[in-house]
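J.:
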Amino acid sequence: MAAKQRISRKPPPLNKQSAKSEQKTSPEVRGKTAFSSLDWRRIIIRIAMMFAIMLVVYLSKDAPLVPFASQQENVGIRSVAVQCSKDYEEELKRFPGCTPMKCGRVVFDTLVKRSEVSALLHIAERGLALGGSSGGASILDLHSGALSHGNAFVNIFKLEEAKNTFTMEDFKIYSHVKDKIHAAIANQFGINKKDLFLTYPTFFSRITAAPPQTIHDEYWHPHVDKETYESFHYTSLLYLTDYGLHFEGGRFIFVDKDANKTVEPRAGRVSAFTSGSENLHHVERVTKGTRYAITVSFTCDPKYAIKDPTLQR
Ligand SMILES: *[C@@H]1O[C@H](CO)[C@@H](O)[C@H](O)[C@H]1NC(C)=O
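So for the sequence shown, my numbering puts the first residue at 1; every next one is plus one.
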């Protein structure tokens, strides 16, 4: 009996095990059967919903910034045409052959020499050392003498301490570089250099991460140059320091419908563009370091022409 029991007991564990394993597997098997019908549908619906949410998030997110000219790259000359805004309509008759008919943007990386860049940077540093905004953005205009000072401006040519700051050579280099930019823009946009005039304001800028103190320190708002200065037709910038090397932030951004385009400052790089609303833009806030540049502005209206600066007063 006992042996029988033992014998008969032996199989039961097996049976139990198999029963257990059946019990274990059977729900899984049942689950698997359900998986292929109802759960699969749920999973597919969930995946589809996830994709829909991701698409909405992607579409509502700002498109990434597209570099038009990165700091690392010497682009030589790179240009792109953009459709002109209607901002010039009224002026086309008044200044034929100069008012933009073909609008666009251009970057020149081989126009200004390294020695010229360092000479101009040195002028900016010396001049701005005599003043400077209490906020993050300071300017020095060698044409008018305007120099940021605290929350206002002073005339650098009236400052006693500025008397021996600049040399004739400084002004020579400044005018020479300005002339090269003038010629390059005229050539690029197919206009006669004599129909295009340097205009106000043309100035050095120094931007740091210091918090703004006045409206003059807020350079980062998108704007149209021609709205700020009606006389503008072509705007250019000459960068004297490098993005990512001497400062962070401070990239120039064209605000476009598809994706915004950046011009990363590179020492010696000239960026030029037509000044109307086809070229809405702003400068990113500088977050670190110091950014130096020169804004060189041009008009087709001789009434707004300005002369080269001279060592004076
Ligand atoms: C472009 O920049 C503007 C201004 O910063 C911003 O409002 C806009 O969302 C940006 N556009 C794209 C497509 O990223």
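Idealized CB from N, CA, C, for every residue including glycine.
Since the structure is predicted, the reported quantities are computational estimates derived from the model, not experimental observations.
Can you determine whether any heavy atom of ligand 1 sits closer than 6 angstroms to the C-beta of proline 222, and answer yes or no?
T.: Looking up residue 222 in the sequence shown gives position 222. Look at proline 222: its beta carbon is less than 6 angstroms from one of the heavy atoms in ligand 1.
J.: What are the boundary residues of the beta strand (DSSP E) that includes threonine 262?
T.: In the sequence shown, residue 262 corresponds to position 262, counting from 1. 261-263 is the span of the beta strand (DSSP E), which, as asked, contains threonine 262.
J.: Where does threonine 199 fall in DSSP's three states?
T.: By 1-based counting over the sequence shown, the position of residue 199 is 199. Residue state, collapsed to three classes: strand.
J.: Leaving out five residues before and five after alanine 124 in sequence, what residues of the same chain have Cβ atoms less than 6 angstroms from its Cβ?
T.: Here residue 124 is taken as the residue at index 124 of the sequence shown, counted from 1. Phe204, Tyr292, listed in sequence order.
J.: Can you give me the C-alpha to C-alpha distance between aspartate 258 and cysteine 300, rounded to a whole angstrom?
T.: By 1-based counting over the sequence shown, the position of residue 258 is 258. By 1-based counting over the sequence shown, the position of residue 300 is 300. Looking at the two C-alpha atoms, the distance is approximately 30 angstroms.
J.: Whole-angstrom Cβ separation of proline 212 and threonine 241, contact assumed at under 8 angstroms?
T.: Position 212 of the sequence shown, counted from the start, is the residue given in the question as residue 212. Position 241 of the sequence shown, counted from the start, is the residue given in the question as residue 241. Not a contact, Cβ separation roughly 20 angstroms.
J.: Residues in its own chain within less than 6 angstroms of glutamate 91 by CB, not counting five upstream and five downstream?
T.: In the sequence shown, residue 91 corresponds to position 91, counting from 1. Cβ within range, chain order: Thr99.
J.: With a threshold of 16 other CB atoms inside 10 Å of the CB of glutamate 169, please say whether the residue is buried or exposed.
T.: Along the sequence shown, one-based indexing puts residue 169 at 169. So glutamate 169 counts as exposed.
J.: Give the range of the beta strand (DSSP E) segment to which arginine 291 is assigned.
T.: Position 291 of the sequence shown holds residue 291. Residues 291-299.
J.: Counting C-beta neighbours from all protein chains within 10 Å, is the total for threonine 228 16 or more, i.e. buried, or is it exposed?
T.: As a working mapping, residue 228 is identified with position 228 in the sequence shown. Exposed, because fewer than 16 other Cβ atoms sit within 10 Å of the Cβ of threonine 228.
J.: Identify the residues that DSSP records as bridge partners of arginine 206: which are they?
T.: Numbered from its first residue, the sequence shown carries residue 206 at position 206. DSSP output for arginine 206 lists Ser138, Tyr292 as bridge partner(s).
J.: Please list the segments of the beta strand (DSSP E) lying wholly inside the stretch 110-172, counting only runs of 3 or more residues, in order along the chain.
T.: 137-140, 146-150, 152-155
J.: Verify the contact flag: asparagine 279, CB atom, against every heavy atom of ligand 1, threshold strictly below 6 angstroms.
T.: To locate residue 279, count along the sequence shown from 1; it is residue 279. Incorrect: asparagine 279 has no Cβ contact closer than 6 angstroms to ligand 1.
J.: For proline 67 and valine 270, what's the separation of their Cα atoms in angstroms?
T.: The residue given as residue 67 occupies position 67 in the sequence shown. The residue given as residue 270 occupies position 270 in the sequence shown. The C-alpha of valine 270 is placed about 15 angstroms away from the C-alpha of proline 67.
J.: Where does the unbroken beta strand (DSSP E) through leucine 237 begin, and where does it stop?
T.: Within the sequence shown, residue 237 is the residue found at index 237, counting from 1. Taken as a continuous stretch (DSSP letters only), the beta strand (DSSP E) holding leucine 237 covers 234-239.
J.: Rounded C-beta distance between valine 117 and glycine 250? I'm assuming under 8 angstroms.
T.: Here residue 117 refers to the residue found at position 117 of the sequence shown. Here residue 250 refers to the residue found at position 250 of the sequence shown. 17 angstroms between Cβ atoms; not a contact.
J.: Quick one: what does DSSP say valine 106 is sitting in, helix, strand or coil?
T.: Locating residue 106 in the sequence shown gives position 106, where the first residue counts as 1. DSSP places valine 106 in strand when its eight states are reduced to three.
J.: Looking at C-alpha atoms only, which residue of Gly244, Phe252, Phe189 is the closest neighbour of threonine 274?
T.: Residue 274 sits at position 274 when you count from the first residue of the sequence shown. For threonine 274, the nearest C-alpha among the options comes from Phe189.
J.: Rounded to whole angstroms, how far is the Cβ of leucine 130 from the Cβ of glutamate 89, which I believe are closer than 8 angstroms?
T.: Your numbering for residue 130 matches position 130 in the sequence shown. Your numbering for residue 89 matches position 89 in the sequence shown. Going by Cβ atoms, the distance from leucine 130 to glutamate 89 rounds to 43 angstroms, so no, they are not a contact pair.
J.: Taking buried to mean at least 16 other C-beta atoms within 10 Å of its own C-beta, is valine 80 buried or exposed?
T.: By 1-based counting over the sequence shown, the position of residue 80 is 80. Classification for valine 80: exposed.
J.: Distance, Cα to Cα, valine 283 vs serine 37?
T.: Sequence index remark: in the sequence shown, residue 283 carries index 283 (1-based). Sequence index remark: in the sequence shown, residue 37 carries index 37 (1-based). Valine 283 and serine 37 have their C-alpha atoms roughly 56 angstroms apart.
J.: Whose C-alpha, out of Pro96, His246, Met49, Leu111, is nearest the C-alpha of valine 75?
T.: Working through the sequence shown from its first residue, we reach residue 75 at position 75. Checked all of Pro96, His246, Met49, Leu111; the closest Cα to valine 75 is Leu111.
J.: In chain order, which continuous runs of the beta strand (DSSP E) of length 3 or greater are located wholly inside the stretch 63-93?
T.: 66-69, 77-82
J.: Can the beta-carbon of leucine 128 be found less than 7 angstroms from the beta-carbon of serine 115?
T.: As a working mapping, residue 128 is identified with position 128 in the sequence shown. As a working mapping, residue 115 is identified with position 115 in the sequence shown. Going by C-beta atoms, leucine 128 is not nearer than 7 angstroms to serine 115.
J.: Nearest-angstrom Cα distance between arginine 78 and valine 106?
T.: In the sequence shown, the residue the question calls residue 78 occupies position 78. In the sequence shown, the residue the question calls residue 106 occupies position 106. Distance between the alpha carbons of arginine 78 and valine 106: 6 angstroms.
J.: Heavy atom of ligand 1 less than 6 angstroms from the Cβ of isoleucine 263, yes or no?
T.: Walking along the sequence shown from the start, residue 263 turns up at place 263. Before going on, a small fix: residue 263 reads as valine here, not isoleucine. No.
J.: Could you check if proline 309 is buried or exposed, using at least 16 other CB atoms within 10 Å of its CB as the buried criterion?
T.: Indexing the sequence shown from 1 puts residue 309 at position 309. Classification of proline 309: buried, given that the 10 Å Cβ count is 16 or more.
J.: Find the nearest neighbour of cysteine 84 within the set Leu55, Gly104, Tyr219, judged by alpha-carbon distance.
T.: Within the sequence shown, numbered from 1, the residue matching residue 84 stands at position 84. The candidate whose alpha carbon is nearest that of cysteine 84 is Gly104.
J.: For glutamate 284, name the three-state secondary structure that DSSP assigns.
T.: On the sequence shown, residue 284 is found 284 positions in, with the first residue counted as 1. Looking at glutamate 284 - three-state DSSP - the assignment turns out to be coil, as it is neither helix nor strand.
J.: Candidates Met49, Tyr304, Pro64, Gly132: which alpha carbon is nearest aspartate 256's?
T.: Locating residue 256 in the sequence shown gives position 256, counting from the first residue. Ranking the options by Cα distance to aspartate 256, first place goes to Pro64.
J.: What is the C-beta distance between threonine 214 and glycine 136, in whole angstroms, given that I count them as a contact (C-beta under 8 angstroms)?
T.: Counting from 1 along the sequence shown, the entry for residue 214 is found at position 214. Counting from 1 along the sequence shown, the entry for residue 136 is found at position 136. Not a contact, Cβ separation roughly 10 angstroms.
J.: Less than 6 angstroms between C-beta atoms, sequence neighbours within five positions excluded: which residues of the same chain meet that for serine 144?
T.: Position 144 of the sequence shown holds residue 144. Closer than 6 angstroms at Cβ, skipping near neighbours: no residue.
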